[in-house]
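Heads up, the thing below is written out as structure tokens.
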Amino acid sequence: MACCPHCQEADSLFNQRDARQRLRRYQRRGPEGTTKVLLAALRAAGVSGASVLDIGGGVGVLHHELLRSGAVSAVDVDASSAYLAAAREESTRQGHLEHVRYLYGDFVALAPELAPASIVTLDRVVCCYPAMPALVGAAAARAERLLGLVYPRDVWWVRAGVRAVNLAFAAQRSAFRLFCHPTAAVDAIVRQAGLTQCFAAYRGPWQIVLYTRD
Ligand SMILES: C[S@@+](CC[C@H](N)C(=O)[O-])C[C@H]1O[C@@H](n2cnc3c(N)ncnc32)[C@H](O)[C@@H]1O
Numbered sequence: 001m002a003c004c005p006h007c008q009e010a011d012s013l014f015n016q017r018d019a020r021q022r023l024r025r026y027q028r029r030g031p032e033g034t035t036k037v038l039l040a041a042l043r044a045a046g047v048s049g050a051s052v053l054d055i056g057g058g059v060g061v062l063h064h065e066l067l068r069s070g071a072v073s074a075v076d077v078d079a080s081s082a083y084l085a086a087a088r089e090e091s092t093r094q095g096h097l098e099h100v101r102y103l104y105g106d107f108v109a110l111a112p113e114l115a116p117a118s119i120v121t122l123d124r125v126v127c128c129y130p131a132m133p134a135l136v137g138a139a140a141a142r143a144e145r146l147l148g149l150v151y152p153r154d155v156w157w158v159r160a161g162v163r164a165v166n167l168a169f170a171a172q173r174s175a176f177r178l179f180c181h182p183t184a185a186v187d188a189i190v191r192q193a194g195l196t197q198c199f200a201a202y203r204g205p206w207q208i209v210l211y212t213r214d
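Each residue of the sequence shown is one higher than the one before, counting from 1 in our numbering.
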């Protein structure tokens, strides 16, 4: 079972049908959108020999691609059992299953058991979690070299969009909610963990940022 009510909602929202669609799209088109931008930034910073902690990895695009680019191992922690199954299936197809550990549950609850990794990623996960300081703090504490984040821009029109999406969730009687956490608060938590920003880009409502411990 996922550990918190919010992760239980994530488990039903990110379901098998959604996972199949996302996996098929990745197999047809490769990495897209913000994930592609984050991947390029990570590759430019160097991924050879890296261990990866992919938090909320979805169907695993980031860790599949990083393993293909020279990373040596990955841990994917996800609150969606359907996404985890799809990521594992793709690892088998790409021939790197033996290098990946898949863990089901809330990363914040599981974090004390997880070893640090050279690269830690949170690709469109911060927007799914209410307790941002716990999530980002635990991720940053485990990033030995690089921390990559994709999360909503802190501007009025994104906040308005998030409110509209949450109204739609409420109308469908879903308890799932999106969150537009303040950029300054996210940034402060990462910097407190000893990381400095080395890359930032914007795509529509998203910001893609990379921090380094170098
Ligand atoms: C919007 S999807 C993004 C998936 C993938 N990273 C991508 O960008 O395509 C959010 C993912 O984060 C996972 N997630 C949300 N909160 C989580 C938590 N506290 N611990 C682990 N996974 C979480 C969800 O189950 C889902 O797989």
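For glycine and all other residues, C-beta sits at the position ideal for the given N, C-alpha and C.
Under 8 Å Cβ to Cβ from Arg142, same chain only, skipping five residues before and after it: list those, please. Cβ-Cβ distances below 8 Å link Arg142 to Leu53, Ala111, Leu114, Ala115, Pro116, Ala117, Val120 in the same chain, with the five nearest sequence neighbours on each side left out; the list follows chain order.
Taking all protein chains shown into account, do 16 or more other C-beta atoms lie within 10 angstroms of the C-beta of Pro130, making it buried, or fewer, making it exposed? Within a 10 Å sphere around the beta-carbon of Pro130 sit fewer than 16 other beta-carbons, which makes this residue exposed.
Chain-order list of residues whose beta-carbon lies under 7 Å from that of Pro31 (same chain, five-residue window excluded): Once the five neighbours on either side are set aside, the close Cβ partners of Pro31 are Leu39, Val61, Glu65.
Less than 8 Å between the CB of Phe107 and some heavy atom of ligand 1, yes or no? Yes; taking the cut-off as 8 Å, the Cβ of Phe107 has a heavy atom of ligand 1 nearer than that.
Measuring only the C-alpha atoms, how far is His99 from Ala171? His99 and Ala171: Cα-Cα distance of roughly 42 Å.
Residues in its own chain within less than 7 Å of Glu144 by CB, not counting five upstream and five downstream? Closer than 7 Å at the Cβ level, and outside the excluded window around Glu144, lie Pro116, Ala117, Ser118, Arg213.
Of the choices Leu195, Arg153, Gly49, whose alpha-carbon is the least far from that of Arg203? The shortest Cα separation from Arg203 among Leu195, Arg153, Gly49 belongs to Arg153.
Do you know how far the Cα of Ala10 is from the Cα of Val108? Between Val108 and Ala10, the C-alpha separation is close to 14 Å.
Which residue from Ser48, Phe14, Gln192 puts its Cα closest to that of Ala218? Nothing about residue 218 can be read from this structure; the chain reaches only from 1 to 214.
For Trp157: DSSP bridge partner residues: Answer is none; Trp157 lacks a bridge partner.
Please list the segments of the alpha helix (DSSP H) lying wholly inside the region 42-91, counting only runs of 4 or more residues, in order along the chain. The region 42-91 contains these whole alpha helix (DSSP H) runs: 61-68.
Could you tell me if the beta carbon of Ala79 falls within a distance shorter than 8 Å of some heavy atom in ligand 1? Result yes, Cβ under 8 Å from ligand 1.
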